[in-house]
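Below is one structure, written out as structure tokens; the observations come after it.
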Amino acid sequence: MNRPQNPFRATLGSTPPYLAGREDEIEDFENALDDGPGSHERISLITGLRGVGKTALLNAFESKARERSWWVISETATKGFTERIIEALYRMSDEGSETHKKKISGIGIPAVGSVQFENVVQYQPKVTLRSALTEFLERQEERDRALNQSPVGLLITLDELHYHRREEAIEFGTVIQHLVREDRNVAVAIAGIPQSIKPLLASDEGKNPVTFLRRANRIDLGLIDGQDVRRALKDPIEDAGFTWSVEGLDAAVEACGGYPFLIQLIGQQCFREREGEVITEGSVAKAAVVARRKLGQLVHESALADLSAVDRTFLAAMAVDDGPSSMSDIAQRMEANAQYVGNYRRRLIDAELITSAGYGFVDFELPYMRDYLRKHVVVDALSRRDDLKN
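The sequence shown begins at 0 in numbering that gives the first Met the number 0 and counts up by one.
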């Protein structure tokens with residue numbers, strides 16, 4: 000007997016069976032593709048914590064573009080990404096030329112006569128990103144006119160943008176700005192975590208060379224509401240031929256805390272712990288233990304690795320409390336003055352790791368971060384707080 004396939008995908012960056020709570024963002028992007036060049040959402044910047052669905056949203060944007068027969072280049076903003084985009088353009092030029100020749104073979108086109116197309120120029124090592132994009136888009140415009148078809152555009156998605164790639168980001172942004180001014184049929188969607196993106200958005204003595212990012216449609220992804228969580232858990236299970244008990248589903252929704260990646264972790268483990276064809280409250284209790292541990296390994300550990308020692312000490316001081324933390328208590332635990340801890344409060348809020356919880360109070364943004372810190376960080380961080388004075 001074949002084992003049923005698990006309907007959840009608990010891998011960072013994969014697209015879940017139901018992309019909860021992102022319908023508005025997807026619809027806005029679809030409308031921008033259909034509206035034509037100049038639509039604001041055609042240049043979109045997605046930010047948010049790890050695991051909130053940035054890459055999944057990029058995947059959804061790519062799917063919508065492909066549904067419209069657009070070309071898609073999917074890249075990660077590691078070193079050399081502009082060169083890889085150029086290489087992808089030349090590969091697609093070859094593909095597009097062959098497809099185009101097949102379509103026009105034997106077809107008479109009025110007022111055009113004998114249609115001939117030159118071979119795609121071989122890759123030139125010194126070609127620029129701008130010339131490669133312009134040539135590709137112009138060739139596509141020629142194909143569209145020759146075939147009398149709706150304009151076919153190009154979507155470029157760029158994941159994990161980081162200020163360490165500042166020079167390439169400037170080059171990429173400058174080229175995209177030129178293409179937008181020329182009304183080219185192009186769209187760009189970029190994603191990254193807040194602390195990696197915000198230095199690129201900051202003004203450099205009033206002159207920011209990455210202005211296209213500041214003008215982009217901003218999509219700040221956060222936690223999603225309970226109804227969307229419920230649907231994201233319920234629908235895949237029922238589509239697979241299984242069910243939730245009422246108590247089990249309620250417990251699972253609460254355990255997810257509105258965090259998209261945790262929906263997949265909890266869902267995956269609940270499916271494994273099901274009792275026959277039903278996921279019970281007991282199934283959820285067992286699943287939650289495993290899911291929280293994996294969340295710590297995959298998300299919390301990485302989030303903390305990006306922080307300074309003082310940032311981590313601030314979070315450790317918060318983790319002492321069972322709920323929202325008073326800034327005065329944090330200052331006392333860190334043995335630092337209010338102004339000093341206030342600076343780190345702003346840093347951590349900008350990084351979307353903590354949130355304001357009323358005047359003078361802060362709380363964790365990520366579910367179960369407090370538990371993870373208590374287990375792995377608190378004792379070590381607070382024992383080294385004397386370093387703050389140096």
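Quick reminder that beta carbons are idealized off the backbone N, C-alpha and C, glycines included.
Everything numeric in this text was worked out from a predicted model, so none of it was measured.
Check, Outcome
"Nearest to Lys54 (by Cα), restricted to the options Ala31, Leu11, Ala64, Glu26", "Note that residue 54 corresponds to Thr in the displayed sequence, not to Lys. The shortest C-alpha separation from Thr54 is found at Leu11."
"Where the alpha helix (DSSP H) containing Ser282 begins and where it ends", "280-294"
"Nearest-angstrom Cα separation, counted from His163 out to Pro198", "10 Å"
"Exposure of Tyr371, with buried meaning 16 or more beta-carbon neighbours within 10 Å", "buried"
"Beta-carbon separation (whole angstroms), Arg229 vs Leu44, contact threshold 8 Å", "Between Leu44 and Arg229 the Cβ distance is about 30 Å, and since that is not below 8 Å, they are no contact."
"DSSP bridge partner residues for Ala188 (one or two, in chain order)", "Ser43, Thr156"
"Exposed unless 16 or more other CB atoms sit within 10 angstroms - verdict on Gln4", "exposed"
"Residue burial classification, Glu334 (beta-carbon count within 10 angstroms, cutoff 16)", "exposed"
"Inter-stretch contact at 8 Å, needing at least 3 Cβ pairs: the region 287-300 / the region 245-265", "yes"
"Neighbourhood of Pro193 by C-beta distance below 7 Å, restricted to the same chain and skipping five residues each side", "Thr46, Asp349, Ala350, Glu351"
"Cut-off 6 Å between Cβ atoms - residues of its own chain near Ala337, not counting five sequence neighbours on either side", "Ala330"
"Proximity winner among Glu280, Arg213, Leu261, relative to Ser244 (alpha-carbon distances)", "Glu280"
"Burial state of Val309 (16 or more Cβ within 10 Å)", "buried"
"Nearest neighbour of Arg373, chosen from Arg344, Phe211, Asp320 [CA to CA]", "Asp320"
"Alpha-carbon to alpha-carbon, Ser307 and Tyr343", "10 Å"
"Backbone secondary structure at Arg8 - three-state DSSP", "coil"
"Nearest neighbour of Glu276, chosen from Val283, Asp249, Thr242 [CA to CA]", "Thr242"
"Residues bridged to Val361 [DSSP beta-bridge criterion]", "Ser324, Ser355"
"Residue nearest to Gly322 in terms of C-alpha spacing, selected from Ser301, Leu32, Ile353", "Ile353"
"Simplified DSSP assignment, three categories, for Lys374", "helix"
"Helix, strand or coil at Val126 [DSSP, three-state]", "coil"
"Segment contact flag, the region 16-23 with the region 174-181, C-beta cutoff 8 Å, min 3 pairs", "no"
"CB contact flag (Ala76, Asp158, <8 Å)", "yes"
"Unbroken alpha helix (DSSP H) run spanning Asn342, endpoints", "337-349"
"Distance, Tyr89 Cα to Val126 Cα", "11 Å"
"Unbroken beta strand (DSSP E) run spanning Thr75, endpoints", "70-75"
"Residues sharing a beta bridge with Arg217, DSSP", "Leu44"
"Anticipated Cβ contact below 8 Å, Ala19 with Ile262, distance rounded", "7 Å"
"Secondary structure of Val252, DSSP reduced to three states", "helix"
"Leu314 versus Asp143: straight-line alpha-carbon distance, rounded", "56 Å"
"Cβ neighbours of Ala287 in the same chain (closer than 7 Å, five flanking residues each side left out)", "Ala254, Ile265"
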